[in-house]
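K.L.:
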Amino acid sequence: MVLIIPEFPNTTIDPFVITSPQTSSYNCIAWAFGDNTKWYWPDPDEMYFWPENIPRTIEVNSFIELYKLKGYEVCISTSLEIGNEKIAIFLGNDGLPTHAARQLENGLWTSKLGCEYDIQHSIYSMNNSVYGNASVFMSRSL
Amino acid sequence: MSRLYSTEITRNTGLTQEASILSCNYSNAVNTFKGNSVLISDRIENQEFKHFLQLKDKWKSETLYYSSSSQIFNNSAYREIIALGSKTIPWIIRELKKTNDHWFYALKKISGENPINPDHYGIITKMKEDWIEWAQKNNY
Chain B
0 MVLIIPEFPN TTIDPFVITS PQTSSYNCIA WAFGDNTKWY WPDPDEMYFW
50 PENIPRTIEV NSFIELYKLK GYEVCISTSL EIGNEKIAIF LGNDGLPTHA
100 ARQLENGLWT SKLGCEYDIQ HSIYSMNNSV YGNASVFMSR SL
Chain H
0 MSRLYSTEIT RNTGLTQEAS ILSCNYSNAV NTFKGNSVLI SDRIENQEFK
50 HFLQLKDKWK SETLYYSSSS QIFNNSAYRE IIALGSKTIP WIIRELKKTN
100 DHWFYALKKI SGENPINPDH YGIITKMKED WIEWAQKNNY
């Protein structure tokens, strides 16, 4: 089922495709490295999971450290590379992290939309949205 | 003077002292009846519950796509629910039993407590169980 959402204006040209049932058990930050068991966020109230050895601060470096813990390193290219798995961290207009997505073997990306479903999409379809834009890319060997 | 209800006739003339006393006593009698009336207190609670449901639906629709705790918990409708106070706790617990919605911050703020096991942070189903257990222990 395709999804065109006003909060994501580029979906009018390049819609999302829903790939899972709705669940609020995990979020995009977790799904980016394949975890569908927890909600990851460095909230000051400690409602959500965040690794103890990573600063519990809502800033891009904390998220980079999280994904380094999972074996990713910062890279420049978003191009599909056989044998490598890439993720993209989205930053809002205020420069703060909002979302993360993981690249699939077909070159498209998979994301968890908040409390909704998993979707398959392009980077373009998710840019210029309530998530801001894909700004930091990381890669790890498969 | 107590508040007059629309069932009372109001006049654009000054009231005598005797009339003022009668008017005040009448309004106090209405308020007393209202306070003791199960039917009226149920009706008020139903209206408040409906308001809670409207706020809940608004919060959910406005935060559907967010992962950020600040966007989820600082949503204006969510904050309004928190401001409604402890009467919402049984309603929130009822919602929590049906869904995995993220009511945890609201419950913490309203109750002043946090029964979540630190090992359960981020595991939504476990956090939910911790709060439902708390509610049972506290007779909600």
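So the protein sequences, as listed, match chains B and H.
Note that numbering that gives the first Met the number 0 has the first sequence beginning at 0, numbered continuously upward.
Note that numbering that gives the first Met the number 0 has the second sequence beginning at 0, numbered continuously upward.
All C-beta atoms, glycine included, are put in the ideal place defined by N, C-alpha and C.
(1) Select from the stretch 100 to 114 of chain H all residues with a C-beta closer than 8 Å to any C-beta belonging to chain B, and list them in chain order.
(2) At a CB-CB cut-off below 7 Å, which residues of chain B make contact with Gly121(H)?
(3) Report buried or exposed for Leu141(B), applying the criterion of at least 16 other Cβ atoms within 10 angstroms of its Cβ.
(4) What's the C-alpha gap between Ser110(B) and Ser110(H)?
(5) Are the CB atoms of Val16(B) and Gln119(B) within a distance shorter than 8 Å?
(6) Using alpha carbons as the reference points, say which of Ile122(B), Tyr25(B), Leu65(B) lies closest to Phe79(B).
(7) Using DSSP with H/G/I as helix, E/B as strand and the rest coil, what is Gln21(B)?
(8) What is the rounded straight-line gap between the Cα of Leu3(H) and the Cα of Leu52(H)?
(9) If distances are taken between C-alpha atoms only, which option among Glu51(B), Glu58(B), Pro8(B), Ile3(B) comes closest to Asp93(B)?
(10) Relative to the alpha-carbon of Pro41(B), which residue among Gly33(B), Ile28(B), Phe32(B), Asp34(B) has its alpha-carbon at the smallest distance?
(11) Helix, strand or coil, according to DSSP, for Leu21(H) in the structure here?
(12) Is Gln16(H) near the ligand GTP, going by C-beta to nearest heavy atom under 7 Å?
(13) Measure from the C-beta of Gly113(B) to each C-beta in chain H and report whether the shortest distance is under 8 Å.
(14) Report the residue from Phe103(H), Ile88(H), Lys97(H), Thr15(H) whose alpha carbon sits nearest the alpha carbon of Asn73(H).
(15) Note down the Cα distance separating Ser128(B) from Lys136(H), rounded to an integer number of angstroms.
(16) Could you name each continuous alpha helix (DSSP H) segment of 4 residues or more that falls completely within the stretch 30 to 114 of chain B, going from the start of the chain to the end?
(17) With 16 as the cutoff for other CB atoms within 10 Å, does Gly82(B) come out buried or exposed?
(18) In three-state terms, what does DSSP make of Tyr4(H)?
(19) Exposed or buried, what is Ala82(H) when buried is set at 16 or more other beta-carbons lying within 10 Å of its beta-carbon?
(20) Identify each residue in the stretch 87 to 105 of chain B for which the Cβ-Cβ distance to at least one residue of chain H is less than 7 Å, and report them in chain order.
(21) Pull out every residue of the stretch 60 to 79 of chain H whose Cβ sits closer than 9 Å to any Cβ of chain B, in chain order.
(22) Please classify Ser1(H): is it buried, with 16 or more other beta-carbons within 10 angstroms of its beta-carbon, or exposed?
(23) Just to confirm, is the Cβ distance from Ser66(H) to His98(B) under 8 Å?
P.N.:
Let me lay it out:
(1) Contact annotation: in the stretch 100 to 114 of chain H, residues whose CB is within less than 8 Å of a CB in chain B are Asp100, His101, Phe103, Tyr104, Lys107.
(2) Lys37, Trp38, Tyr39, Tyr47, Phe48
(3) exposed
(4) 34 Å
(5) yes
(6) The sequence shown places Leu at residue 79(B), rather than the Phe named in the question. Here the closest residue by C-alpha is Ile122(B).
(7) For Gln21(B), the three-state secondary structure derived from DSSP is coil.
(8) For Leu3(H), the pLDDT reaches just 43, beneath the cut-off of 50, and the residue's location in the model is therefore unreliable, leaving the point undetermined.
(9) It is Glu58(B).
(10) Per the Cα distances, Ile28(B).
(11) Leu21(H) sits in a helix when the DSSP states are folded into three classes.
(12) Among the components of this structure there are no ligands whatsoever, and the ligand GTP is therefore not found.
(13) yes
(14) Phe103(H)
(15) The straight-line gap from Cα to Cα measures roughly 44 Å.
(16) 59 to 68
(17) It is exposed - the Cβ of Gly82(B) has fewer than 16 other Cβ atoms within 10 Å.
(18) For Tyr4(H), the pLDDT reaches just 46, beneath the cut-off of 50, and the residue's location in the model is therefore unreliable, leaving the point undetermined.
(19) exposed
(20) Thr97, His98
(21) Those residues of the stretch 60 to 79 of chain H that come within reach of chain B (Cβ to Cβ, closer than 9 Å) are Thr62, Leu63, Tyr64, Tyr65, Ser66, Ser67, Ser68, Ser69, Gln70, Ile71, Phe72.
(22) A caution first: Ser1(H) carries a pLDDT of 44, below 50, which makes its placement in the model unreliable, though a value can still be read off. Exposed, since its Cβ has fewer than 16 Cβ neighbours within 10 Å.
(23) Taking 8 Å as the Cβ cut-off, Ser66(H) and His98(B) qualify as a contacting pair.
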